[in-house]
Every structure is written in C-alpha cells, then in structure tokens.
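Following this note's numbering, the numbering of the sequence shown begins with 166 at its first residue and continues without gaps. I have placed the structure first, in the form of structure tokens, so that the comments after it can refer back to it.
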Amino acid sequence: MQQTNTHSEKKPQAGQPPQAKQVERTTCCIVGGGPAGAILALLLARQGVEVTLLEAHLDFERDFRGDTIHPAVMEILDEIGLAERLLKLRHTKLSTFGLQTRAGTLRLRFAFGKTKFPYITVIAQSRFLEFITEEAKRYPNFTLIMGAQVDELVEKDGVVHGIRYRASDGSHEIRAALIVGADGRFSRLRKLAGFEPVKTSPPIDVLWFRLTRGENDTIESLDARIGNGLFLIFIDRFDYWQVGCVIPKDGYQKLRSDGLDHLRQSLAKTVPELTDRFAELKEWKQLSVLSVESSHLKRWYKPGLLLIGDAAHVMSPAGGIGINYAISDAVVASNVLGGKLAAGLPIREKDFASVQRQRELPTRVAQTFQSLLQRVALARAIKSGGEVMVAPVLLARLLEKMPWLTALPARFIGFGLWPPHVKTELPQPPMESVTVSNEPTSSSSDTPLTIK
Ligand SMILES: Cc1cc2nc3c(=O)[nH]c(=O)nc-3n(C[C@H](O)[C@H](O)[C@H](O)COP(=O)(O)OP(=O)(O)OC[C@H]3O[C@@H](n4cnc5c(N)ncnc54)[C@H](O)[C@@H]3O)c2cc1C
C-alpha cells in the first residue's frame, strides 16, 4: 500500500500556476469537511487507516450552519477522550429551550436522563471542525486538503476507484479503496453517482441574517419567538446573533413587495427588545433566503462509494438535530469499515449495506419528526401568529411539574434512536500481506475492490 504519510494541511496558494494532473493514492478518501466527514476522518485515522479529507472551502468559516452539539455527540467525543478538551473552547451549555409566543412562553427543560453531558453544547461549528481536524492531524496517516473542489468520479465498470478535484494549483486525481461522500445537502458525489433523493418534507423558506450582540441582551443562547407571520430563532455566536427566520413557503416575494421597513417593523413587534438592532438591516442583501427541505436516498452506496450525513439524507434545520445524525453516521461507518480498511481487507456490498441498515431507520424517524414539526406545528404557529400555541404553552407548564414526562422527547432530541458508540478494539493484523489495487474486478454487486 502506498503511504502518502502527509499529515500536514495542504493549502494551495492563490496565484500559483496550474500544474499537470497528479494522481495520488490513499486508502480512504473522504469528500467534505463537515461534521460527518471530519469525524469519520478522525476515527479512521485513529485506527491507522490512511485517510485523505478534501474540503472545498479554504477554511471552516461558513454562515449556513448550525452550532448545536447534542449529548450523544459529547458522549462519542468522551469515548475518544476529546470531550473535556472541547469544553475548554468557548461555548454555552443549554438545558432549556424557550419559545415566546403571544399566547405565553413555552419553556422546555431538556431532561436527557442519565448522561455525563445533560445539556446541548452550543459552539461555533467552525471552531468544532477546526478542533476535530487539528486532532486528526496528530496522526501521520491523515491528510487534509483545503480548497479542493471535487467534481468528478473515477469509475470503471460501475466501480468507483477515485475522484478528481480542482484546486487553485490545478487539477488532481486521488485513487482509493473507498471513497466517502460527506459533501452535504447539495452533494456533488450523490449526483455524479446518479442517486436521486426522495423528498421527505415540504421545503420551508428561512431568512438567515446577523445582528450585533449587545452586552445586556436578555435573549438566551438558543431562543425562539413566534409572531407576525414569523418564527425567529436566535443562535448566540458571542460576537453577534445569528438569526434564522422561518417564513411561510414562498413568502419571500410578498416580504420583498411589502418592503424592508415593513419587515423591520414585524421583527420589532415580535422581539421589541431588539428594535434598535433590526434597524441594522438596511439592504435585502444582508438577508439570505434559504429554501430548506429534507430528503433521503433509497441506497447510500455503490461499489467503492458510500454516502453519509446530509449527502445520504438531507436534514432540515427543524429541531436542530442534523449534526448529531451526520456524526452518528460517521461513527457507524468507522465501526463497520475501519477495521477492514486498516487491515487491507476488501469492503463488500454487505459492509455498506450494514452501515445503511444501522442508520436508515433512525434518520427516517428523525425526518418524520422534522416533517411533522414543519407541517403541523411550525406552519400553523406562523400562520396564526402564535395563537395556536395556547395549548402547547399550557401543556409545557403542566410538564414543568412532571419533568419525567418530558424525558422521552428530550432523550429523542438529545440522542435519537439507537445512538452509536465508538468501537474501541483495534483491528487484528491481516493474515496475509496486502496491497490495494484500484483496478476494477467485475461489476458484480458484491465485488470488493481488489486487495491482494
Ligand atoms: C440554515 C440551517 C441551519 C441548521 N441548523 C442546525 C442546527 O442548529 N443544529 C443541527 O444539528 N443541524 C442544523 N442544520 C442541519 C445541519 O447543518 C446538517 O444536517 C449537517 O451540517 C450535516 O453535516 P454533513 O457533514 O453531512 O454536511 P455539511 O455540514 O453540509 O458538510 C459538507 C461539507 O462538504 C463540503 N463540500 C461540498 N461539496 C464539496 C465538493 N464538491 N468537494 C469538496 N467538498 C465539498 C462543504 O463545503 C461542507 O464543508 C441546519 C441546516 C441549515 C440549512
């Protein structure tokens, strides 16, 4: 097996002349440095697998991301000795979620049950990803390539053998025993592999914008408000508020025709204490409009290629659970495939099927929950300006007196169904010496990549 042995981060320099195409070899090439890709890369690197992680951007700073780390993820990080160190980074711990409506305030306590981390950790996702990839860089068999835009699969007879990517220094090719597509909701690999996602929830429109954070703001780290046709969620990014504002589907044109002044007034009526901050919204270009929908693939793999995270099942922002599900996929993929990759053993279709089988039901159940939240609760609450929230508010007050009743939904949000754990035992050394060949064998669906 060819060892690239490059643990350093490669950042192509702007202005460098394009070079001829280079072909590199590795054991596992992961496309996408989001939560799924970064965690899988780290877990495989820990097992001694030669792994290359490709990220299209030059850094991890991106606006359209969530920042919630659920107890399930904290437990996973604890299993690999990283939880305490992560908690040294700037973060907030959330043990309640507040939703203010015209019918009153609904406050839910996260009764997560027995766990060392009974809260949601809110941490900038960029810091989280930097932390994970820095940890992975401690392993000489890990390579991170930033600014690598993957745009082609190297495929022969239905078997994926590699990818091609563009960087500022030209075009490159990587060949690997396994390619993992962790490239998110607009997955290029999903498209290149010819997979068609099935929609699971109607799209919702979200306005996404920043507001200055005042020192004396009384809003909580993850606070929500409903009123005046808007559902607002505030994410504390310490230096500023990241605001997500769910509007009725296709409501953006109406908002535009009513004018920015009208929107500022609606926002101020919904959150009066931030009236001065909404005045910062002076141009429409300060607000991004996202159409967000969830979907899933019937099949997450083909020979040589596995899709995980949003690439396999796009999660909507509803409930803030997508990061947890992406990371859980990575843990299962590492548990199932890591030992074989480390030992140079063939990855067979049944291995891919095992990853999908373990993760498909939990994600489908979560997507059904998100869909219900969107179709029933969110849509009705927005339409009625929060009036329909009378019953939920009363129910929440009742639940406050019987916290054991909230344990089940809280556990579902914090952990999901069948939360995976990191398999700690390291693979046995292979019986025979192994070399990875990227030559195709046959197109049989259970054909492993050739490992002699
Ligand atoms: C507005 C919004 C808010 C959200 N808020 C939350 C929240 O608060 N909590 C929560 O848990 N979930 C939230 N989600 C969902 C969550 O962001 C996703 O479910 C989660 O990020 C999926 O992780 P992933 O690693 O699969 O994909 P991503 O996080 O999307 O990562 C994919 C990575 O692949 C890279 N990439 C893409 N194409 C290529 C390519 N061709 N070549 C190389 N690299 C590529 C991207 O740059 C990106 O870094 C939100 C989603 C949205 C849209």
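From the three backbone atoms N, C-alpha and C, an ideal C-beta is built for every residue, glycine too. Computed from a predicted structure; not experimentally measured.
(message) Using 8 Å as the threshold, is the C-beta distance between Ser493 and Arg524 below it?
(response) Here residue 493 refers to the residue found at position 328 of the sequence shown. Here residue 524 refers to the residue found at position 359 of the sequence shown. Yes. Within cutoff.
(message) According to DSSP, Arg329 sits in a beta bridge with which residue or residues?
(response) Within the sequence shown, numbered from 1, the residue matching residue 329 stands at position 164. Paired residues: Glu317 and Glu338.
(message) Is any non-hydrogen atom of ligand 1 found closer than 7 Å to the C-beta of Asp243, if you look at the structure I gave you?
(response) To locate residue 243, count along the sequence shown from 1; it is residue 78. False, no ligand heavy atom lies under 7 Å from that Cβ.
(message) With H, G and I counted as helix, E and B as strand and the rest as coil, what does DSSP make of Glu220?
(response) For the purposes of this step, residue 220 is taken as the residue at position 55 of the sequence shown. Looking at Glu220 - three-state DSSP - the assignment turns out to be strand.
(message) What residue range does the alpha helix (DSSP H) around Leu432 cover?
(response) Mapped onto the sequence shown, residue 432 falls at position 267. It spans Leu425 to Thr435 - the alpha helix (DSSP H) in which Leu432 sits, taken as one unbroken run.
(request) Can you tell me the Cβ-Cβ gap for Pro200 and Gly474, rounded? I've got them flagged as a contact below 8 Å. (result) For this step, residue 200 is matched to residue 35 along the sequence shown. For this step, residue 474 is matched to residue 309 along the sequence shown. Right, the Cβ-Cβ distance comes to about 7 Å (below 8 Å), so this counts as a contact.
(request) Pull up the distance between the alpha-carbon of Leu526 and that of Thr280, whole angstroms please. (result) Counting from one through the sequence shown, the residue named residue 526 turns up at place 361. Counting from one through the sequence shown, the residue named residue 280 turns up at place 115. Whole-angstrom Cα-Cα distance: 23 Å.
(request) Just tell me which of Gly503, Leu506 and Cys194 has its CA closest to the CA of His337. (result) Counting from one through the sequence shown, the residue named residue 337 turns up at place 172. The option with the nearest alpha carbon to His337 is Cys194.
(message) Going by DSSP in three states, Gly551 sits in which element: helix, strand or coil?
(response) Stepping through the sequence shown from its first residue, residue 551 is reached at position 386. With a pLDDT of 48 at Gly551, under the threshold of 50, the predicted position of this residue should be treated as unreliable, though the coordinate-derived value follows. Correct three-state label for Gly551: coil.
(message) Only counting the same chain, and skipping five residues up and downstream in sequence, which positions put a Cβ closer than 7 Å to that of Val188?
(response) Working through the sequence shown from its first residue, we reach residue 188 at position 23. Contacts found: Glu338 and Arg340.
(message) DSSP has Thr280 in a bridge; who is on the other side?
(response) Here residue 280 is taken as the residue at index 115 of the sequence shown, counted from 1. None; Thr280 has no bridge partner.
(message) Within a Cβ cutoff of 7 Å, which residues of the same chain sit near Ala210, ignoring the five residues on either side of it in sequence?
(response) On the sequence shown, residue 210 is found 45 positions in, with the first residue counted as 1. Only Val216, Ala301, Tyr304, Asn306 and Phe307 meet the Cβ criterion.
(request) Please report the Cβ distance between Ile384 and Val411, rounded to the nearest whole angstrom; I am assuming they are in contact, meaning their Cβ atoms lie under 8 Å. (result) Within the sequence shown, numbered from 1, the residue matching residue 384 stands at position 219. Within the sequence shown, numbered from 1, the residue matching residue 411 stands at position 246. Not really, about 17 Å apart at Cβ, beyond 8 Å.
(request) Assign His222 to one of two classes, buried (16 or more other C-beta atoms within 10 Å of its C-beta) or exposed (fewer than that). (result) Position 57 of the sequence shown holds residue 222. His222 comes out exposed.
(request) Give the single residue among Lys450, Ala433 and Glu448 whose Cα lies nearest to the Cα of Arg442. (result) In the sequence shown, the residue the question calls residue 442 occupies position 277. Arg442 has its Cα closest to that of Ala433, out of Lys450, Ala433 and Glu448.
(message) Just verifying my parser: in three-state terms, what is the DSSP assignment at Gln212?
(response) Counted from its first residue, the sequence shown places residue 212 at position 47. Three-state DSSP puts Gln212 in coil, outside helix and strand.
(message) Does Gly504 come out as helix, strand or coil in the three-state DSSP assignment?
(response) Against the sequence shown, residue 504 aligns to sequence position 339. Helix, per DSSP.
(request) Ignore the nearest five residues each way along the sequence and tell me which others in Pro362's own chain have a CB closer than 6 Å to its CB. (result) Taking the sequence shown and counting its residues from 1, the one referred to as residue 362 is at position 197. Answer for Pro362: Ser460 and Leu462, listed in chain order.
(request) Report buried or exposed for Gly424, applying the criterion of at least 16 other Cβ atoms within 10 angstroms of its Cβ. (result) Position 259 of the sequence shown holds residue 424. That one is exposed.
(request) Examine ligand 1 and report whether any of its heavy atoms sits within less than 7 Å of the Cβ of Gly487. (result) The sequence position of residue 487 within the sequence shown is 322, counting from 1. Yes.
(request) Drop a sphere of 10 angstroms on the beta-carbon of Met554, count the other beta-carbons inside from all chains shown, and report buried for 16 or more, exposed for fewer. (result) Indexing the sequence shown from 1 puts residue 554 at position 389. A caution first: Met554 carries a pLDDT of 47, below 50, which makes its placement in the model unreliable, though a value can still be read off. By the 10 Å Cβ count, Met554 comes out buried.
(message) Could you check whether the Cβ of Arg350 sits closer than 7 Å to any heavy atom belonging to ligand 1?
(response) Along the sequence shown, read from residue 1 onward, the residue named residue 350 stands at position 185. Yes, since a heavy atom of ligand 1 falls inside the 7 Å radius drawn around the Cβ of Arg350.
(request) Taking Lys152 and Ala358 to be in contact with their CB atoms under 8 Å, please state how far apart those CB atoms are, rounded to whole angstroms. (result) Limits of the chain in this structure are 166 at one end and 617 at the other, which puts residue 152 out of reach.
(request) Please name the residue, chosen from Ile241, Thr192, Val520 and Ala483, that lies closest to Ile297 on a Cα-to-Cα basis. (result) Stepping through the sequence shown from its first residue, residue 297 is reached at position 132. Ile297 has its Cα closest to that of Ile241, out of Ile241, Thr192, Val520 and Ala483.
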